[in-house]
Amino acid sequence: MFEYFPGNYVWNLGVVATLNSGGLIDEVDRACRPIKDAAQQGEDAGTQDFLRAWTALTDQLVEQAEAAEKAGHTRTAGQLWFRATNYLCQAERMLSHTSPDRVPTYRRVTDIAERAFATHSPRVSRVEIPYEGTTLPAYFSAAPATDQGPAPVVVLVNGLDSTKEHMYTSNHWEELAARGISCLMLDQPGTGEALRLQGLTARIDTEVWAGAAVDWLETRADVDTARIGIVGWSLGGYFSPRAAAFEKRFALCVAWGANHDWGAVQRRRAQREGERPVPHYWSHVLWVWGIEGDEHHLDAFLEFADGVHLDGVVEKITVPFLVAHGEHDRQIPLEYAHRSYEQAVHSPKRELRVFTPEEGATEHIGLDHLPHVSVFVADWVADTFAELG
């Protein structure tokens, strides 16, 4: 993995995710150069420095985007709004949930993203999915194929710390659209806007909110309801297989990073084994799951987390199932990818794809070469939907 900040895995992950989601190396370098010393203080200590530096870059791009719009240069403005979304959502991801900057920064991310839709991605729109008396925020990409009739769709779900804005800037929806597939980028409970602005925390029985997404998709005339798939990255590698195992309306499933036994990973992290995805890690996971406590009293949380696993679950998947995993994933052991694959005995088409250092995409969810994984997943989904007719 390209490591801009030697020794600071979490910040490096943010940098490569940014660069592999359309960030430009000059802009990223100009943001990061002033905070090289702060990076040496550790992943937690310098997060406000990270925010200030990347906010300054965002401010510069927003000013340029507004000037471009005023001049009638819509394409230029769209590119700037899109990159500004990328930069600010990566900086927001680093903050502690107790930071007073977190919610205002996130609200600004969503505002900038919607400016990008109008100028860069007119086929993407904000939607809301009815869910247990409230709604789940999402972005819907209507593939060009919908102009001719109903098209298949992928429900793309977050991991532990990503948001629908990360999914948007990853451009995975665009790869799907080019293959005739729409995409619902969902902030499910415990992630993104659902957590930050609505206080909806994660749940083990992911089929509940996934089923709500399918209910909503079935109301749309532009959706081929026989071909709805679910794809989840990072902790989504637990969320999506669990959903597909119990929500039988899904026609396929992808674990983009095999999170087969997340509880065991937490016990390893408590012993400082393996890398963590975000700063302020224990505070973050307690917030995501709505568990009372703090990082000094983790026993109750670790006992709860033991229930977040796929043993006895993937056996219930009865649709095509892809497990994609980096060979040198420093967060989730490769053995979990093999376990998910081996236990999916009732899938009519199961596949394990391990990405190697020689080709890249060998880190967590392939963030070191994200487009390589993205097109592989998109091709697999398109081929599988075609086989399903």
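Take the position in the sequence shown, starting the count at 1, then add 308; the result is the number in the working numbering.
Just so it is clear, CB atoms sit at the ideal spot from N, CA and C, and this is done for glycine as well.
Supposed contact pair residue j and residue i - C-beta distance, whole angstroms, cut 8 Å
{"i": "C491", "j": "S449", "result": "4 Å"}
{"i": "V462", "j": "V689", "result": "6 Å"}
{"i": "W564", "j": "V685", "result": "6 Å"}
{"i": "Y644", "j": "D569", "result": "6 Å"}
{"i": "V586", "j": "V318", "result": "6 Å"}
Per-residue burial, residue i [other beta carbons within 10 Å of its own, 16 or more giving buried]
{"i": "V432", "result": "buried"}
{"i": "Q387", "result": "buried"}
{"i": "G537", "result": "buried"}
{"i": "D687", "result": "exposed"}
{"i": "K378", "result": "exposed"}
{"i": "G545", "result": "buried"}
{"i": "A353", "result": "exposed"}
{"i": "G380", "result": "exposed"}
{"i": "A510", "result": "buried"}
{"i": "E695", "result": "exposed"}
{"i": "Q651", "result": "buried"}
{"i": "Q348", "result": "exposed"}
Within 8 Å, strictly: CB atoms of residue i and residue j
{"i": "P458", "j": "D530", "result": "yes"}
{"i": "H405", "j": "W595", "result": "yes"}
{"i": "L332", "j": "R391", "result": "yes"}
{"i": "R575", "j": "L543", "result": "no"}
{"i": "E635", "j": "F612", "result": "no"}
{"i": "M401", "j": "G322", "result": "Before going further, note that residue 401 is Arg rather than Met in the sequence given. Yes, the pair counts as a contact, with Cβ atoms nearer than the cut-off."}
{"i": "L660", "j": "H646", "result": "yes"}
{"i": "K472", "j": "P497", "result": "no"}
{"i": "A421", "j": "F358", "result": "no"}
{"i": "T393", "j": "T427", "result": "no"}
{"i": "F693", "j": "R528", "result": "no"}
{"i": "Y414", "j": "R504", "result": "yes"}
{"i": "A376", "j": "A364", "result": "no"}
{"i": "W541", "j": "G467", "result": "yes"}
{"i": "G697", "j": "Q639", "result": "no"}
Review point. Counting pairs of beta carbons, one from the region 432-439 and one from the region 521-541, are three or more of them closer than 8 Å?
Key: Counting Cβ pairs under 8 Å, three or more are found: they touch.
Point to revise | the region 506-517 / the region 672-690 touching (three or more Cβ pairs under 8 Å) | key: Touching, no.
Point to revise | Inter-stretch contact at 8 Å, needing at least 3 Cβ pairs: the region 542-551 / the region 614-629 | key: Yes: at least three Cβ pairs fall under 8 Å.
Check your understanding: Which ranges would you report for the beta strand (DSSP E) in the region 557-603 if only whole runs of at least 3 residues count?
Key -> Here the runs fully enclosed are 560-564.
Exercise for review: Pick out the complete alpha helix (DSSP H) segments inside the region 495-529, 4 residues or longer, and give them in chain order.
Suggested key: Counting only unbroken stretches of 4 or more residues, the alpha helix (DSSP H) elements lying wholly within the region 495-529 are 500-504, 515-525, in sequence order.
Point to revise | Three-pair Cβ contact test at 8 Å for the region 599-610 versus the region 655-672 | key: Because the criterion of three Cβ pairs below 8 Å is not met, the region 599-610 and the region 655-672 do not touch.
Review point. Can you find at least 3 beta carbon pairs, one from the region 553-568 and one from the region 625-640, that sit closer than 8 Å?
Key: With a cut-off of 8 Å, the region 625-640 and the region 553-568 count as touching, because enough Cβ pairs lie within range.
Review point. Do the region 325-332 and the region 564-580 touch if we need at least three Cβ pairs shorter than 8 Å?
Key: Touching, no.
**Study point:** Cβ pair count under 8 Å reaching 3, the region 490-506 against the region 578-593
**Key:** Output reads no: the region 578-593 does not touch the region 490-506.
Practice item. Mind listing, in chain order, the continuous alpha helix (DSSP H) runs of no fewer than 4 residues lying wholly within the region 606-683? Key: The region 606-683 contains these whole alpha helix (DSSP H) runs: 607-613, 642-651.
Review point. Where are the beta strand (DSSP E) runs, 3 residues long or more, that stay fully inside the region 397-443, in chain order?
Key: Runs of the beta strand (DSSP E) lying entirely within the region 397-443, each at least 3 residues long, are 432-439 in chain order.
Check your understanding: Which parts of the region 470-494 are runs of the beta strand (DSSP E), unbroken and 3 residues or longer, counting only runs that do not cross its ends?
Key -> Those beta strand (DSSP E) runs which fall completely within the region 470-494 and span 3+ residues are 490-494.
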